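Q: In terms of my numbering, the sequence shown opens at residue 22 and continues consecutively.
From the three backbone atoms N, C-alpha and C, an ideal C-beta is built for every residue, glycine too.
As the structure is a computational prediction, the values presented were derived from the model and not from experiment.
To start, I am sharing the structure in question, which I have written as structure tokens.
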Amino acid sequence: MRLSKLYMPTLREDPQDAEIASHKFLLRAGMIRKSASGVYTYLPLGYRAIKKIENIVREEMDNAGAMEILMSAIQPAEIWKESGRWEKFGPEMFKLRDRNDREFCLGPTAEEYFTTLVRDEVKSYKDLPLNLYQIQTKYRDEKRPRFGINRAREFLMKDAYTFDTNPETLHEAYMNMYRAYEKIFDRLHLDYKIVEGDNGAMGGSGSHEFIALSETGEGVIVYSENGKFGATEEKAPVEYILPEEQERKDLEKVHTPGAKTIEEVSNFLNVDKKRCAKAVDLVMAGERVIVFIPGDRELNMAKLISYTGVAEHDIEMMSEEDIKAIGSFAGYTGPIGLDARIIVDKSITEINNLVVGANEEEYHYINANYGRDFEGEVVEDLLLVEEGDKVPGTDDEYKFARGIEVGNIFKLGTKYSKSLNATYLDENGKANYFYMGSYGVGVTRSVTAVIEQNHDDNGIIWPIAVAPYEAIVTILNIKDDKQVELGEKIYEELKSKGIEVLLDDRKERAGVKFKDRDLIGIPLRITCGKKSSDGLVEYSTRREMENSEISYEDAINNILEEVSNK
Ligand code: ATP
Ligand code: MG
Numbered sequence: 022m023r024l025s026k027l028y029m030p031t032l033r034e035d036p037q038d039a040e041i042a043s044h045k046f047l048l049r050a051g052m053i054r055k056s057a058s059g060v061y062t063y064l065p066l067g068y069r070a071i072k073k074i075e076n077i078v079r080e081e082m083d084n085a086g087a088m089e090i091l092m093s094a095i096q097p098a099e100i101w102k103e104s105g106r107w108e109k110f111g112p113e114m115f116k117l118r119d120r121n122d123r124e125f126c127l128g129p130t131a132e133e134y135f136t137t138l139v140r141d142e143v144k145s146y147k148d149l150p151l152n153l154y155q156i157q158t159k160y161r162d163e164k165r166p167r168f169g170i171n172r173a174r175e176f177l178m179k180d181a182y183t184f185d186t187n188p189e190t191l192h193e194a195y196m197n198m199y200r201a202y203e204k205i206f207d208r209l210h211l212d213y214k215i216v217e218g219d220n221g222a223m224g225g226s227g228s229h230e231f232i233a234l235s236e237t238g239e240g241v242i243v244y245s246e247n248g249k250f251g252a253t254e255e256k257a258p259v260e261y262i263l264p265e266e267q268e269r270k271d272l273e274k275v276h277t278p279g280a281k282t283i284e285e286v287s288n289f290l291n292v293d294k295k296r297c298a299k300a301v302d303l304v305m306a307g308e309r310v311i312v313f314i315p316g317d318r319e320l321n322m323a324k325l326i327s328y329t330g331v332a333e334h335d336i337e338m339m340s341e342e343d344i345k346a347i348g349s350f351a352g353y354t355g356p357i358g359l360d361a362r363i364i365v366d367k368s369i370t371e372i373n374n375l376v377v378g379a380n381e382e383e384y385h386y387i388n389a390n391y392g393r394d395f396e397g398e399v400v401e402d403l404l405l406v407e408e409g410d411k412v413p414g415t416d417d418e419y420k421f422a423r424g425i426e427v428g429n430i431f432k433l434g435t436k437y438s439k440s441l442n443a444t445y446l447d448e449n450g451k452a453n454y455f456y457m458g459s460y461g462v463g464v465t466r467s468v469t470a471v472i473e474q475n476h477d478d479n480g481i482i483w484p485i486a487v488a489p490y491e492a493i494v495t496i497l498n499i500k501d502d503k504q505v506e507l508g509e510k511i512y513e514e515l516k517s518k519g520i521e522v523l524l525d526d527r528k529e530r531a532g533v534k535f536k537d538r539d540l541i542g543i544p545l546r547i548t549c550g551k552k553s554s555d556g557l558v559e560y561s562t563r564r565e566m567e568n569s570e571i572s573y574e575d576a577i578n579n580i581l582e583e584v585s586n587k
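As structure tokens, then:
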């Protein structure tokens with residue numbers, strides 16, 4: 022492709038709202054343009070990079086025995102109502118009606134769609150196992166679209182679904198996809214970690230997330246030094262260190278004027294924060310719920326969601342009125358004599374002589390003890406991990422990192438086949454539910470992860486495997502016939518050898534050409550300058566930037582070799 026013909030609307034200035042490098046460079050390099058919040062057009066260079074990733078994903082899915090299909094982006098509401106996710110997905114789902122008032126959504130994912138397809142088509146165990154996938158546009162009305170195509174409202178996702186007859190072969194299918202994902206992200210040259218994820222709204226019995234490490238990532242992961250354990254912050258188990266044991270003392274109400282926060286109460290009463298129960302006052306799906314955890318910790322909302330099954334968008338903090346309605350006062354909520362659903366972290370049952378709110382203004386109880394003075398639903402672990410926490414069962418402290426979730430795999434078991442009544446007939450002619458898995462890769466988000474990990478101040482540094490073009494030939498001065506002649510010759514030869522190559526044949530100054538070349542990040546570069554008449558060119562890579570003066574034949578050979586090693 023000739024740059025004189027290429028549609029590449031580069032920008033000199035940094036776009037205003039671009040907070041992270043990938044967003045900034047994709048815009049500046051003329052690779053994407055925003056149409057609306059979280060909705061983007063992919064321009065020629067950007068779309069080529071996306072298609073590179075798409076093809077790597079496709080190849081590895083095909084290698085793993087998955088079969089590509091394409092379902093509509095429009096999905097009928099009925100199947101979502103059947104599974105119960107029409108409501109549960111909440112405001113993130115784009116809903117629409119046709120002219121006959123029939124309801125649809127723009128698919129945010131496709132568990133229901135694939136399950137009903139297979140339910141209606143696959144009758145016998147002889148057709149199983151089955152692994153189907155698609156690479157399709159997904160729609161999510163994200164609360165906070167940001168970072169360009171990293172968190173968009175319209176994006177490309179590869180989603181795969183497996184159907185098996187039992188948990189053992191489901192596990193094999195799951196591990197097969199796990200390995201395929203390793204191959205995909207290796208081929209994208211991403212530095213990533215695989216961690217245990219929370220099944221959350223998806224349901225099922227196990228999941229892993231593939232996290233591309235990046236300081237700009239929205240995800241936090243924890244892992245052990247030896248690499249044996251890794252989990253998302255939501256999922257990470259906490260082994261809480263209890264305060265020193267004490268003999269149970271008598272419950273006593275004390276005056277605590279002005280002491281509302283844990284900090285204030287702990288100082289006022291001179292009691293370890295660990296012994297001051299923290300109340301988190303919530304309304305979950307219309308029900309008033311108070312959660313108690315030790316005062317020195319934070320509540321892990323994902324763990325609470327997974328225990329209660331209430332969706333995140335259905336949870337809010339209690340208002341003053343709610344707190345009044347349960348017979349309490351803000352800052353003084355405690356579990357004794359409270360008119361609300363009470364949920365406690367297990368540690369609360371193990372810490373004696375707690376300080377708790379007395380549900381009375383300016384009063385707390387001291388020496389409150391679980392079982393004797395109050396009760397509640399006990400949940401094994403509701404705590405958010407913190408620096409300093411130990412990897413359970415070891416003496417090692419968790420390490421923390423930030424990253425971008427580029428892939429996610431789930432063991433769904435029979436969750437969707439049961440709710441959608443999807444069965445096959447086994448050897449004995451008996452109807453059984455499918456055991457399912459679902460597997461997603463964020464194709465467009467992966468582009469951003471690659472750029473976050475591969476850029477400098479001047480622009481993108483594409484790995485060859487995902488670069489929109491592998492090589493670029495720059496003619497320094499197009500008024501010099503020798504330079505033009507050699508440039509054209511190299512360009513044609515590279516093309517004939519199957520190299521994806523750009524020719525900068527524009528009438529621009531050398532400085533502009535070099536700047537653009539750095540910005541768009543083409544990995545392998547040849548410059549035809551003054552020594553063209555001797556058949557000499559400058560060869561460099563975007564990553565190293567160091568020029569070497571070599572014969573054009575050697576430069577071509579370098580490129581062929583680099584591309585064959587990608
Ligand atoms: P997140 O926690 O980032 O919102 P998710 O858990 O909702 O992601 P999944 O439902 O597992 O994501 O979707 C599969 C993959 O699709 C994700 O791993 C991610 O790579 C990609 N993805 C999800 N939401 C978006 C989005 N808004 N924009 C771009 N890619 C996305
Ligand atoms: Mg999400």
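Three or more C-beta pairs closer than 8 Å, one from the segment 376-389 and one from the segment 235-245: is that the case here?
A: The segment 376-389 makes no contact with the segment 235-245: fewer than 3 CB pairs, one atom from each, lie closer than 8 Å.
Q: Quick one: is the Cβ of Gly111 within less than 7 Å of any heavy atom of the ligand NAP?
A: With respect to the ligand NAP, the structure shown offers nothing to examine, as its ligands consist of the ligand ATP and the ligand MG.
Q: Can the beta-carbon of Val143 be found less than 8 Å from the beta-carbon of Tyr454?
A: In the sequence shown, the residue the question calls residue 143 occupies position 122. In the sequence shown, the residue the question calls residue 454 occupies position 433. Not in contact: Val143 and Tyr454 (Cβ atoms no closer than 8 Å).
Q: Quick one: is Phe168 near chain C, going by C-beta distance under 8 Å?
A: In the structure shown, chain C does not exist; there is a single protein chain.
Q: Taking DSSP as the reference, what is the three-state secondary structure of Arg79?
A: By 1-based counting over the sequence shown, the position of residue 79 is 58. Three-state result, Arg79: helix.
Q: Express the C-alpha separation of Leu497 and Ser572 in angstroms, rounding to a whole number.
A: What you label residue 572 is simply residue 551 of the sequence shown in a count that begins at 1. What you label residue 497 is simply residue 476 of the sequence shown in a count that begins at 1. Answer to the nearest angstrom: the Cα atoms are 16 Å apart.
Q: With distance defined between alpha-carbon atoms, name the residue in Phe431, Lys536 and Asp539 nearest to Asn220.
A: Indexing the sequence shown from 1 puts residue 220 at position 199. Checked all of Phe431, Lys536 and Asp539; the closest Cα to Asn220 is Phe431.
Q: For the ligand ATP, is there any heavy atom lying closer than 7 Å to the beta carbon of Arg423?
A: Taking the sequence shown and counting its residues from 1, one reaches residue 423 at position 402. Incorrect: Arg423 has no Cβ contact closer than 7 Å to the ligand ATP.
Q: Does the distance between the C-beta of Phe250 and the nearest non-hydrogen atom of the ligand ATP fall short of 7 Å?
A: Taking the sequence shown and counting its residues from 1, the one referred to as residue 250 is at position 229. No, the beta carbon of Phe250 sits no closer than 7 Å to any heavy atom of the ligand ATP.
Q: Is the CB-CB distance between Ile520 and Ile547 below 8 Å?
A: Numbered from its first residue, the sequence shown carries residue 520 at position 499. Numbered from its first residue, the sequence shown carries residue 547 at position 526. For Ile520 and Ile547, no; Cβs fall outside 8 Å.
Q: Give the secondary structure of Asp219 by DSSP, where H, G and I count as helix, E and B as strand, and everything else as coil.
A: Position 198 of the sequence shown holds residue 219. DSSP places Asp219 outside both helix and strand once states are collapsed to three, so it counts as coil.
Q: If you check the beta carbons only, do Cys647 and Phe115 fall under 8 Å apart?
A: The shown model of the chain, from 22 to 587, leaves out residue 647, and the question about it has no answer.
Q: Short check: CB of Glu639 to CB of Glu175, under 8 Å?
A: Coverage of the chain is limited to positions 22 through 587, which leaves residue 639 absent and any answer about it impossible.
Q: For Gly352, which residues of its own chain have a beta-carbon under 6 Å away from its beta-carbon, when the five flanking residues on both sides are left out?
A: Walking along the sequence shown from the start, residue 352 turns up at place 331. Closer than 6 Å at the Cβ level, and outside the excluded window around Gly352, lie Lys281.
Q: Cα separation between Val292 and Val286?
A: Here residue 292 is taken as the residue at index 271 of the sequence shown, counted from 1. Here residue 286 is taken as the residue at index 265 of the sequence shown, counted from 1. Looking at the two C-alpha atoms, the distance is approximately 8 Å.
Q: Which word fits Gly414, buried or exposed, when buried means at least 16 other C-beta atoms lie within 10 angstroms of its C-beta?
A: Stepping through the sequence shown from its first residue, residue 414 is reached at position 393. That one is exposed.
Q: Just to confirm, does Gly461 get its C-beta within under 7 Å of one of the non-hydrogen atoms of the ligand ATP?
A: Within the sequence shown, the letter at position 440 stands for residue 461. Because some heavy atom of the ligand ATP lies under 7 Å away, the Cβ of Gly461 counts as near it: yes.
Q: Just checking Met178 against the ligand ATP - is the residue's beta carbon closer than 7 Å to any of the ligand's heavy atoms?
A: Position 157 of the sequence shown holds residue 178. Yes; taking the cut-off as 7 Å, the Cβ of Met178 has a heavy atom of the ligand ATP nearer than that.
Q: So is the beta-carbon of Arg172 under 7 Å away from any non-hydrogen atom of the ligand ATP?
A: Looking up residue 172 in the sequence shown gives position 151. Arg172: yes, Cβ under 7 Å from the ligand ATP.
Q: Would the C-beta of Glu108 count as close to the ligand ATP, meaning under 7 Å from any of its heavy atoms?
A: Residue mapping note: residue 108 aligns to position 87 of the sequence shown, counting from 1. Glu108 Cβ: outside cutoff for every heavy atom of the ligand ATP.
Q: Tell me whether Asn321, by its Cβ, gets closer than 7 Å to a heavy atom of the ligand ATP.
A: On the sequence shown, residue 321 is found 300 positions in, with the first residue counted as 1. No, since every heavy atom of the ligand ATP falls outside the 7 Å radius drawn around the Cβ of Asn321.
Q: Excluding the 5 residues preceding and the 5 following Asn373 in the sequence, name in chain order all residues of the same chain whose CB lies nearer than 6 Å to its CB.
A: As a first step, residue 373 is located in the sequence shown; it is residue number 352 there, counting from the start. Around Asn373: Gln267, Arg269 and Asn390.
Q: To which residues of the same chain is Leu577 closer than 7 Å at the C-beta, ignoring the five residues directly before and after it?
A: Position 556 of the sequence shown, counting from 1, holds the residue named residue 577. Residue identity check: residue 577 is Ile in the sequence provided, not Leu. Spatial neighbours of Ile577 in its own chain (CB-CB distance under 7 Å, excluding positions within 5 residues in sequence) are listed in chain order as Ile511, Glu514 and Leu515.
Q: Count the other C-beta atoms from every protein chain shown that fall within 10 angstroms of the C-beta of Ala57, then say buried if there are 16 or more, exposed otherwise.
A: The residue labelled residue 57 in the question sits at position 36 within the sequence shown. Its Cβ having fewer than 16 others within 10 Å, Ala57 is exposed.
Q: Taking three-plus beta-carbon pairs below 8 Å as touching, is the segment 140-159 in contact with the segment 178-196?
A: Result yes; three or more Cβ-Cβ pairs closer than 8 Å.
Q: Based on DSSP bridge pairs, tell me the residues matched to Asn453.
A: In the sequence shown, the residue the question calls residue 453 occupies position 432. Tyr445.
Q: Any heavy atom of the ligand ATP closer than 7 Å to the beta-carbon of Glu163?
A: Translated into positions along the sequence shown, residue 163 becomes position 142. For the ligand ATP, at least one heavy atom lies less than 7 Å from the Cβ of Glu163.
Q: Taking all protein chains shown into account, do 16 or more other C-beta atoms lie within 10 angstroms of the C-beta of Ser93, making it buried, or fewer, making it exposed?
A: Position 72 of the sequence shown, counting from 1, holds the residue named residue 93. That one is exposed.
Q: Based on the DSSP secondary-structure assignment, which residues constitute the bridge partners of Gly480?
A: For this step, residue 480 is matched to residue 459 along the sequence shown. Within the DSSP bridge table, the entry for Gly480 names Asp477 as partners.
Q: So Gln96 is in the alpha helix (DSSP H); what residue range does that whole segment cover?
A: In the sequence shown, residue 96 corresponds to position 75, counting from 1. Element bounds for Gln96: not the alpha helix (DSSP H) but the beta strand (DSSP E), Ile95 to Pro97.
Q: Give the C-beta separation of Gly494 and Gly508 to the nearest angstrom, bearing in mind that I take them to be a contact with Cβ-Cβ under 8 Å.
A: Taking the first residue of the sequence shown as 1, we reach residue 494 at position 473. Taking the first residue of the sequence shown as 1, we reach residue 508 at position 487. Going by the sequence as given, residue 494 is Val instead of Gly. Right, the Cβ-Cβ distance comes to about 5 Å (below 8 Å), so this counts as a contact.
Q: Would you check whether the ligand ATP has a heavy atom nearer than 7 Å to the C-beta of Gly428?
A: Here residue 428 corresponds to residue number 407 of the sequence shown, with the count starting at 1. Yes, the beta carbon of Gly428 sits closer than 7 Å to at least one heavy atom of the ligand ATP.
Q: Buried or exposed: which applies to Gly279, given that a residue is buried once 16 or more other Cβ atoms fall within 10 Å of its Cβ?
A: Position 258 of the sequence shown holds residue 279. Exposed, since its Cβ has fewer than 16 Cβ neighbours within 10 Å.
Q: Could you tell me the alpha carbon to alpha carbon distance between Lys26 and Leu64, rounded to whole angstroms?
A: Taking the first residue of the sequence shown as position 1, residue 26 is located at position 5. Taking the first residue of the sequence shown as position 1, residue 64 is located at position 43. Those two C-alpha atoms are separated by around 14 Å.
Q: Grab the span of the beta strand (DSSP E) containing Asn388 for me, first residue to last.
A: Taking the sequence shown and counting its residues from 1, one reaches residue 388 at position 367. Here the beta strand (DSSP E) through Asn388 covers Tyr384 to Ala389.
Q: Report the three-state DSSP secondary structure of His44 (helix, strand or coil).
A: As a working note, residue 44 is residue 23 in the sequence shown. His44: helix per DSSP, three-state reduction.
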